[in-house]
Every structure is written in C-alpha cells, then in structure tokens.
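Colleague: Please see the structure below; I have some questions.
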Amino acid sequence: MQGPLASLKVLDFSTLLPGPFASLLLADMGAEVLRIESPDRPDLLRILPPHDQGVSASHAYLNRNKRSLALDLKQPAALEIIKRLLADHDILLEQFRPGVMERLGLGYEALKAINPRLIYVSITGYGQTGPYKDRAGHDINYLALAGLASHTGRADSGPLPLGIQAADIAGGSLHGVIGLLAAVIARQQSGQGQHLDVSMTDCVFSLNALAGAGYLACGVEPARENHVLNGGSFYDYYRTRDGRWMSVGSLEPAFLQALCEVLGRPELAAQGLSSEPGQQHLLKRELQSEFEKYDFTELQAMFAKVDACVEPVLGLDEALEHPQLKARDLVTQVPRGDGSRQPQIACPLKFSEGLPEPRHIGARLGEHTDQVLGALGFSAERINQLRSDRVVV
Numbered sequence: 041m042q043g044p045l046a047s048l049k050v051l052d053f054s055t056l057l058p059g060p061f062a063s064l065l066l067a068d069m070g071a072e073v074l075r076i077e078s079p080d081r082p083d084l085l086r087i088l089p090p091h092d093q094g095v096s097a098s099h100a101y102l103n104r105n106k107r108s109l110a111l112d113l114k115q116p117a118a119l120e121i122i123k124r125l126l127a128d129h130d131i132l133l134e135q136f137r138p139g140v141m142e143r144l145g146l147g148y149e150a151l152k153a154i155n156p157r158l159i160y161v162s163i164t165g166y167g168q169t170g171p172y173k174d175r176a177g178h179d180i181n182y183l184a185l186a187g188l189a190s191h192t193g194r195a196d197s198g199p200l201p202l203g204i205q206a207a208d209i210a211g212g213s214l215h216g217v218i219g220l221l222a223a224v225i226a227r228q229q230s231g232q233g234q235h236l237d238v239s240m241t242d243c244v245f246s247l248n249a250l251a252g253a254g255y256l257a258c259g260v261e262p263a264r265e266n267h268v269l270n271g272g273s274f275y276d277y278y279r280t281r282d283g284r285w286m287s288v289g290s291l292e293p294a295f296l297q298a299l300c301e302v303l304g305r306p307e308l309a310a311q312g313l314s315s316e317p318g319q320q321h322l323l324k325r326e327l328q329s330e331f332e333k334y335d336f337t338e339l340q341a342m343f344a345k346v347d348a349c350v351e352p353v354l355g356l357d358e359a360l361e362h363p364q365l366k367a368r369d370l371v372t373q374v375p376r377g378d379g380s381r382q383p384q385i386a387c388p389l390k391f392s393e394g395l396p397e398p399r400h401i402g403a404r405l406g407e408h409t410d411q412v413l414g415a416l417g418f419s420a421e422r423i424n425q426l427r428s429d430r431v432v433v
C-alpha cells in the first residue's frame with residue numbers, strides 16, 4: 041500500500057518539533073521524505089531524553105519513515121547535490137531564520153529557477169517579514185505574543201504552561217501541512233509551485249477563534265476565567281475526594297440536568313442556565329462540593345453510562361488503556377534496525393483505503409547517504425571522496 045501522498049517527494053531541512061511533526065504526517069500518509077541534516081550540528085532532538093536502546097524516543101517517533109542524508113551545506117559540492125535532488129523532489133520544508141537559506145544559496149528564488157514546480161514551505165516563529173522576523177522564540181513566547189496566554193489559566197495565578205507545544209504543532213506543523221497540500225492542489229491546475237510563509241505566531245493568533253471574534257466585532261476583551269469556555273462558567277475541572285480530577289463540559293441543558301441528577305442535586309440545573317457570573321461561581325462551588333464527596337473511581341463508575349459530557353482526567357498510562365483509544369488503534373509497532381519493534385503513537389488519520397505500515401523508526405544521521413547519492417548517479421569512488429572532504433557523512 042502506497043498511501044494518499046505517495047506521489048510527493050519532500051526535502052526536509054527542519055529540526056526539533058514543528059517541521060519534523062509536519063513531515064511525519066506527510067511520511068505517514070505515504071510521501072517520500074528525505075531529511076537533509078548537518079553532519080556537525082545534529083538535530084538536538086537526537087539527544088532529547090528519554091532514550092530507548094540508546095535512541096531518543098522523540099526522535100525515533102517524529103522521524104519515522106524518513107531517510108537521512110547528512111550534508112555540509114556550506115560546501116559547494118553539497119549545493120550541487122541539492123540541485124540534483126530538485127529534479128524530482130519538488131517540495132521543500134525548512135525552519136531556519138529568514139535569510140539563512142538564501143545565504144546558503146538555497147533560497148526560494150534560486151531553487152525556483154531550477155524547478156518552477158517547487159513548493160517551498162518556511163516555518164518560523166514570526167514569519168518572513170516584520171520587526172520580529174529575526175528574533176529568537178519558543179512555543180511559550182508565541183502563545184504569549186498572540187494573546188492566547190492572556191485568557192488561559194486562572195485569574196488568581198496567571199497563565200499556565202501547556203502540556204503540549206500548541207504553537208509548534210497547531211501553529212507550525214498543522215498549518216504547514218494544510219498550506220503545503222493546498223499548494224499541491226494549486227500546482228495541479230497551474231503547473232507552478234510557490235513559497236509558503238508559515239509564522240507560528242500568526243497561526244496561533246488565528247486560534248483566538250471565539251475570543252478574537254468577540255473582541256474585534258464587539259470590543260469584548262477576553263480575560264482569564266471570564267467566559268464560558270475558559271473557567272468563567274461551570275465548564276471546568278473538579279477535584280475528587282482523593283485528589284484526582286473530573287472534566288465537566290455539560291453545557292447543553294439535557295447534559296447539565298443529567299450531571300446534576302447523578303450528583304443528587306437536580307435543583308442546580310436551573311442555576312447553570314444563568315449567564316450571570318455570580319450565579320456561575322456559586323454553581324461551581326456547589327459542584328466542587330459534590331465532586332469532593334466521591335473518590336475518582338466512584339465518579340468514573342457513576343458517569344460511565346450517563347451521557348452528560350463528564351469524563352475523567354486520565355494519565356497517559358490510563359489513556360493508553362481506555363477502551364475508546366484502544367479501539368481506535370492509536371499505538372503502532374515500528375521496526376527498529378535490529379528487527380525488533382518500538383511502540384509509537386500511530387497516525388491518527390483514518391482513511392477508508394488504509395495507510396502504509398510504518399517502515400522504520402527515525403534514521404541514524406546520514407544512514408541513507410550512500411543510497412541517495414547512488415540513486416543520483418554518484419559512483420562509490422565519488423561518494424568516498426565526498427565523505428573524505430566532509431561534504432557528507
């Protein structure tokens with residue numbers, strides 16, 4: 041089985057999380073992804089703990105199904121190799137700061153002249169333009185500047201660092217893949233590629249979907265715990281007697297009524313329909329008091345067969361054993377080089393025609409150098425010379 045993106049061949053110059061998560065999705069869907077890596081400045085993800093049999097679990101996952109070519113891009117011979125690869129690799133993904141690829145002779149305009157069908161995706165923190173385009177940043181900074189942190193967290197304790205990298209993945213990776221595939225569709229009509237400028241800050245700013253719409257159209261400034269979905273209503277998390285947590289999303293009247301009846305307080309349902317903040321705060325206190333009468337396992341049993349939008353807050357170990365997640369086959373076994381297999385998070389997309397089986401975990405640095413160069417017509421002697429000259433590893 042090839043997968044729906046089997047016709048795509050991607051050169052991936054990215055490191056760490058945003059670009060590699062994007063190209064993981066592409067590779068899982070069948071695209072041929074070739075990582076172009078530095079021989080002397082390896083991706084820091086390769087050393088990120090924890091390690092499984094000496095290999096970073098994160099690297100093994102984020103770079104599965106991808107080949108690795110180690111090239112010193114500062115050497116002219118490396119540039120010639122990239123130009124040869126562009127004959128049939130017509131998608132490029134990079135996340136250097138603006139101007140770096142141009143200085144290497146690998147900017148969009150230079151490579152477009154070689155292959156006009158090239159789709160060139162640049163993922164950066166702040167984009168290719170603007171006063172912050174050269175500024176360093178991380179996920180937490182993009183969320184802060186995009187306004188999301190201002191209405192996320194608790195009013196009395198401030199914003200909370202998220203358990204996932206929302207700007208990197210929702211901002212960079214997912215928007216990068218969406219834009220890339222849109223450019224592929226456009227190329228099918230025009231025959232021309234294009235440059236896609238993906239700013240993680242821009243993209244997470246657009247995730248202010250409800251709060252942003254309310255502010256721009258009505259001037260309603262969002263703040264922590266001041267609207268329905270960020271803790272300003274009973275839609276929230278509640279501590280159990282034994283220190284665990286339950287999630288309550290019972291917004292609709294029928295679900296709210298079911299919640300209150302299970303807790304033995306049906307009279308509270310009418311209070312939950314009020315939009316008055318004081319009433320919502322009183323209801324939250326009442327619900328918290330009720331939840332604290334029961335242990336976590338008791339509440340799980342009480343709500344297990346009730347459609348009330350109430351679910352337990354699970355640890356990752358518990359989530360892996362949940363019957364819904366198990367039924368969805370969200371864990372896959374990926375071959376290692378020694379014939380054994382490593383459990384990894386599976387591609388979450390379900391195609392009726394299926395997806396190809398995972399081929400291998402993230403490759404060793406330069407593992408496919410000889411294979412790639414050989415396919416380009418380089419002789420064994422020439423490859424050895426390039427290796428001696430430290431152009432490749």
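Per the working numbering, the very first residue in the sequence shown carries number 41; after that it's consecutive.
Note that CB positions come from ideal geometry on N, CA and C, so glycine has one too.
Just so we're clear, the structure is a prediction, and the values are computed from it rather than from any experiment.
#1: Could you please give me the residues that DSSP links to Tyr277 through a beta bridge?
#2: Since Ser98 and Glu77 are thought to touch, with beta carbons under 8 Å apart, how far apart are those beta carbons, to the nearest angstrom?
#3: Below 6 Å CB to CB, which residues in the same chain sit around Phe295 once its five sequence neighbours on both sides are set aside?
#4: Which word fits Asn424, buried or exposed, when buried means at least 16 other C-beta atoms lie within 10 angstroms of its C-beta?
#5: Among the residues of its own chain, which have a CB less than 6 Å from the CB of Gln115, if the five just before and after it don't count?
#6: Check whether the Cβ atoms of Pro79 and Ala110 sit closer than 7 Å, and answer yes or no.
#7: When DSSP builds the beta bridges, which residues end up paired with Glu292?
#8: Nearest to Ala344 by CA position, among Val217, Ser329, Gln364, is which residue?
#9: Among Pro262, Ala341, Phe274, which has the Cα closest to the Cα of Gln319?
#10: Suppose contacts are defined by Cβ-Cβ distances below 7 Å. Is Tyr166 in contact with Gln384 by that definition?
#11: Please look up how many angstroms separate the CB atoms of Leu158 and Leu132, rounded, as I've assumed it's under 8 Å.
#12: By Cβ distance below 6 Å, which residues in the same chain neighbour Asn270 in space, the five residues on each side in sequence not counted?
#13: Along the beta strand (DSSP E) that carries Lys49, what are the first and last residues, could you check?
#14: Are the Cβ atoms of Pro199 and Gly193 separated by less than 7 Å?
#15: If I follow the unbroken alpha helix (DSSP H) through Ser63, where does it start and stop?
#16: Would you check if the distance between the CB atom of Leu236 and the CB atom of Val161 is smaller than 7 Å?
#17: Output the distance between the C-alpha atoms of Leu256 and Phe245, rounded to the nearest integer angstrom.
#18: Could you name the residues of the same chain whose beta carbon sits closer than 7 Å to that of Glu265, not counting the 5 residues immediately before and after it, in chain order?
#19: What residue range is occupied by the uninterrupted alpha helix (DSSP H) comprising Glu149?
#20: Would you kindly report the start and end of the unbroken beta strand (DSSP E) that includes Asp237?
#21: Evaluate contact between the stretch 51–70 and the stretch 208–220, counting only Cβ atoms and requiring at least three cross-stretch pairs below 8 Å.
#22: How about Arg284 and Phe336: are their beta carbons less than 7 Å apart?
#23: Mapping DSSP to helix, strand and coil, what is Leu214?
#24: What does a CB cutoff of less than 7 Å around His408 pick up in its chain, not counting 5 residues either side in sequence?
#25: Going by the DSSP bridge assignment, what does Pro352 pair with across the sheet?
Modeller: So, from the data block:
#1: Ser287
#2: About 16 Å separates the two Cβ atoms, so there is no contact after all.
#3: Ala348, Cys349
#4: exposed
#5: Val431
#6: With respect to Ala110, Pro79 sits close: the two C-beta atoms are nearer than 7 Å.
#7: Glu292 is not bridged to any residue.
#8: Gln364
#9: Phe274
#10: no
#11: 6 Å
#12: Setting aside the 5 residues that flank it on each side, Asn270 is surrounded in the same chain by His191, each with a C-beta closer than 6 Å to its C-beta; the list follows chain order.
#13: 49–52
#14: In this structure, Gly193 lies closer than 7 Å to Pro199 by Cβ.
#15: 58–68
#16: Against a cut-off of 7 Å, the Cβ pair of Val161 and Leu236 comes out as a contact.
#17: Rounded to whole angstroms, the gap between the alpha carbons of Leu256 and Phe245 is 13 Å.
#18: Arg194, Ala195, Gly271, Gly272
#19: 148–154
#20: 235–239
#21: yes
#22: yes
#23: helix
#24: Arg107, Ser108, Leu109
#25: Met286
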